[in-house]
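K.L.:
Protein chains in written order, with our numbering: chain Y, 48 to 318; chain U, 48 to 318.
Please find one structure pasted underneath; my questions will follow.
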């Protein structure tokens, strides 16, 4: 049931090694409004790095800058190991379609050594997933690939007039619709799987696009595998919307209370 | 008094345009333990972009990955405009010394258009700067270039045994020691001017280094200039320390209560 190799997510993030660069293909299953869901784009970049023969260690940080709309179809990934030392690797990845750069990413991989360990953040209280209703109100392709269950902050897109902006905080369970064991790839994708905070604040949909996304991994592959989870408890919020751009911060927790990843992004909106 | 052109910070972040790349020089005034203060490195990269003849718009996002120790002396900045459209520019910057890449950065610049505006985050309460004592307990060169005044969470490096890790939260006023009007450059630098959260948690100094730093600007040059500020109210906290890496999040507020920038980083520590 949790076999990852034939899952739609693994199909969507598939890459093949070429001569000077790698190739991938957008997935209709994870399509958003005018291009592929950014989380799957980010996960595809991460997969190419994880599969790279020179890669050592586990993902520590990935930043993806979305430079242009990605057209349906094939793309190339130009991957470059910029610097490596005993325990870390610094990578650069450019996703191109023809002569155009669509995304520009940097990544850090690390062989994480044992150390003093302390989780400063507290595991958020939440209703158990079995007692939380699935969210089924949006029929965008990528959204349908996830099982979203809002504990707090379910979006209200009714767009009804209101005196003040609504809360931008959300707490929800996120799993793949077809269950899939959580790994760094799905964490990367889920770190972009929150609805735009501007939608929450204004209670309406509007033109919106992530410009830059950064995710930090706080668990290595062994740590993540040991959680044996198929969902995360996810938190998202925003601090500001100003002159067409707004931020978002997020946390992805294992059901056992381990903070697996934190994420932040800045996004364009038109309102 | 607030003339920015002869300030030590402006000397430290000075760059000159060359043929195929730009040049800069590390500053002893902003030296840290084993290399230049990362904030000044990040600000130097930002200055080269702001000064670049092809640059349009204002800084929106800057991510700097610190790949290797930067040696005292000269460095090159290889600057590339990767993609531009009507309102945004995507840049890549590599700082090199000889054949070695020392830092790898990506930046987004944007011409920010008027929009609906809303500051979701609340301006933190703080004692006025005049009633807050300067912090003078550390004599590292870069630290001496700043006027730090802790409202909460002044670090305690006594290293005395304790039952549990200490708080990682800090709230402080940060200004340049020699007053300098806040701009995007100083915001970039100040976003790395918090003491390592691991130092706070463990109440001791230890080998520590920022690996990746991301700052988002929530105000354009006009907005920042209109604040006419020479200090920010700065907040920092951490969520987790695990297997030699820990995170940090931060906010930089104008004294008038405007959120100018948010920042996050992941850092190596040895403990």
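Heads up, the beta-carbon is just placed ideally off N, CA and C, and yes, glycines get one too.
So is residue 63 of chain U buried or exposed if we call it buried at 16+ other beta carbons inside 10 Å?
P.N.:
Flag for residue 63 of chain U reads exposed.
K.L.:
Chain U partners of residue 306 of chain Y, CB-CB under 8 angstroms?
P.N.:
Those are 286 and 287, listed as they occur along chain U.
K.L.:
Report all residues from its chain with a CB closer than 7 angstroms to the CB of residue 266 of chain Y; omit the five preceding and five following residues, and keep chain order.
P.N.:
If we look at residue 266 of chain Y and ignore the five residues flanking it on each side, its Cβ neighbours are 305 and 307.
K.L.:
Are residue 134 of chain U and residue 158 of chain U close, meaning C-beta to C-beta below 8 angstroms?
P.N.:
Result yes, Cβ atoms of residue 134 of chain U and residue 158 of chain U sit closer than 8 angstroms.
K.L.:
Any beta carbon of chain U sitting closer than 8 angstroms to that of residue 203 of chain Y?
P.N.:
By this cut-off, residue 203 of chain Y is not an interface position.
K.L.:
Within 10 angstroms of its Cβ, does residue 136 of chain Y collect 16 or more other Cβ (buried), or is it exposed?
P.N.:
Classification of residue 136 of chain Y: buried, given that the 10 Å Cβ count is 16 or more.
K.L.:
Would you mind telling me which residues of chain U sit closer than 9 angstroms to residue 212 of chain Y, beta carbon to beta carbon, in chain order?
P.N.:
Within chain U, the residues near residue 212 of chain Y are 163, 165 and 167.
K.L.:
Scan the segment 239-316 of chain U and note each continuous alpha helix (DSSP H) run of 4 residues or more that stays entirely inside, going in chain order.
P.N.:
For the segment 239-316 of chain U, whole alpha helix (DSSP H) runs of length 4 or above, ordered along the chain, are 244-249 and 268-274.
K.L.:
Could you tell me the alpha carbon to alpha carbon distance between residue 249 of chain U and residue 105 of chain Y, rounded to whole angstroms?
P.N.:
Cα to Cα, residue 249 of chain U sits roughly 26 angstroms from residue 105 of chain Y.
K.L.:
Would you mind giving the Cβ-Cβ distance between residue 181 of chain U and residue 196 of chain U, rounded to the nearest angstrom? I have them listed as a contact below 8 angstroms.
P.N.:
6 angstroms between Cβ atoms; contact.
K.L.:
Do residue 128 of chain U and residue 153 of chain Y have their CB atoms nearer than 8 angstroms?
P.N.:
Result no, Cβ atoms of residue 128 of chain U and residue 153 of chain Y do not sit closer than 8 angstroms.
K.L.:
Going by C-alpha distance, which of U:301, U:257 and U:296 is nearest residue 314 of chain U?
P.N.:
Ranking the options by Cα distance to residue 314 of chain U, first place goes to U:257.
K.L.:
With distances taken Cα to Cα, identify the nearest neighbour of residue 169 of chain Y among U:191, U:146 and U:214.
P.N.:
Minimum Cα distance to residue 169 of chain Y is reached at U:214.
K.L.:
Check each candidate in Y:187, Y:147 and Y:79 and name the one with the smallest Cα separation from residue 321 of chain Y.
P.N.:
Outside the shown range of chain Y, which is 48 to 318, sits residue 321 of chain Y, and nothing can be said about it.
K.L.:
What's the gap between the Cα of residue 172 of chain Y and the Cα of residue 281 of chain Y?
P.N.:
So the alpha carbons of these two residues sit roughly 11 angstroms apart.
K.L.:
Spatial neighbours of residue 287 of chain U within its chain, please: CB distance less than 8 angstroms, with the 5 preceding and 5 following residues excluded, ordered by chain position.
P.N.:
Within the same chain, residue 287 of chain U has close Cβ partners 293 and 294.
K.L.:
Between which two residues does the beta strand (DSSP E) harbouring residue 139 of chain U extend?
P.N.:
That run of the beta strand (DSSP E) goes 135-144.
K.L.:
Pull up the distance between the alpha-carbon of residue 246 of chain U and that of residue 120 of chain Y, whole angstroms please.
P.N.:
Straight-line Cα distance between these residues: approximately 49 angstroms.
K.L.:
By Cβ distance, which residues of its chain are closer than 8 angstroms to residue 144 of chain Y, with the 5 residues on each side in sequence left out?
P.N.:
117, 118, 120, 121, 122 and 123, listed in sequence order.
K.L.:
Taking the C-alpha atoms as reference points, what is the distance between residue 156 of chain Y and residue 207 of chain Y?
P.N.:
Cα to Cα, the separation comes out at about 46 angstroms.
K.L.:
Looking only at its own chain, which residues have a Cβ that is under 8 angstroms from the Cβ of residue 209 of chain U, when we skip the five neighbours before and after it?
P.N.:
Contacts found: 250.
K.L.:
Looking at the structure shown, is residue 193 of chain Y part of a helix, part of a strand, or coil, going by DSSP?
P.N.:
In the structure shown, residue 193 of chain Y sits in a strand (DSSP, three-state: E or B).
K.L.:
What residue range is occupied by the uninterrupted beta strand (DSSP E) comprising residue 129 of chain U?
P.N.:
Looking at the DSSP string, the run of the beta strand (DSSP E) that includes residue 129 of chain U is 121-131.
K.L.:
Going along chain U in order, which residues have a C-beta closer than 9 angstroms to the C-beta of residue 126 of chain Y?
P.N.:
Residues of chain U passing the Cβ test: none, with the nearest at roughly 14 angstroms.
K.L.:
What distance in whole Å lies between the Cβ atoms of residue 142 of chain Y and residue 92 of chain Y, which are believed to be in contact at a cut-off of 8 angstroms?
P.N.:
So it is a contact: roughly 7 angstroms between Cβ atoms.
K.L.:
Do residue 183 of chain Y and residue 198 of chain Y count as a contact pair if the criterion is CB distance below 8 angstroms?
P.N.:
Their beta carbons are not under 8 angstroms apart, which means residue 198 of chain Y does not touch residue 183 of chain Y by this criterion.
K.L.:
Out of Y:203, Y:312, Y:234 and Y:229, point me to the one whose CA is closest to residue 275 of chain Y's CA.
P.N.:
Among Y:203, Y:312, Y:234 and Y:229, the Cα nearest to that of residue 275 of chain Y belongs to Y:229.
K.L.:
Should residue 60 of chain U go down as buried or exposed, given a rule of 16 or more other Cβ atoms within 10 Å for buried?
P.N.:
When all chains shown are included, residue 60 of chain U counts as buried.
K.L.:
Restricting to Cα atoms, I'd like to know which of U:79, U:300, U:312 and U:113 is closest to residue 296 of chain Y.
P.N.:
Considering only alpha carbons, the answer is U:312.
K.L.:
If you follow the beta strand (DSSP E) that residue 74 of chain Y is in, where does it begin and where does it stop?
P.N.:
Careful: residue 74 of chain Y lies outside any beta strand (DSSP E) and carries neither H nor E.
K.L.:
Pull up the distance between the alpha-carbon of residue 227 of chain Y and that of residue 272 of chain Y, whole angstroms please.
P.N.:
Cα-Cα distance, rounded: 12 angstroms.
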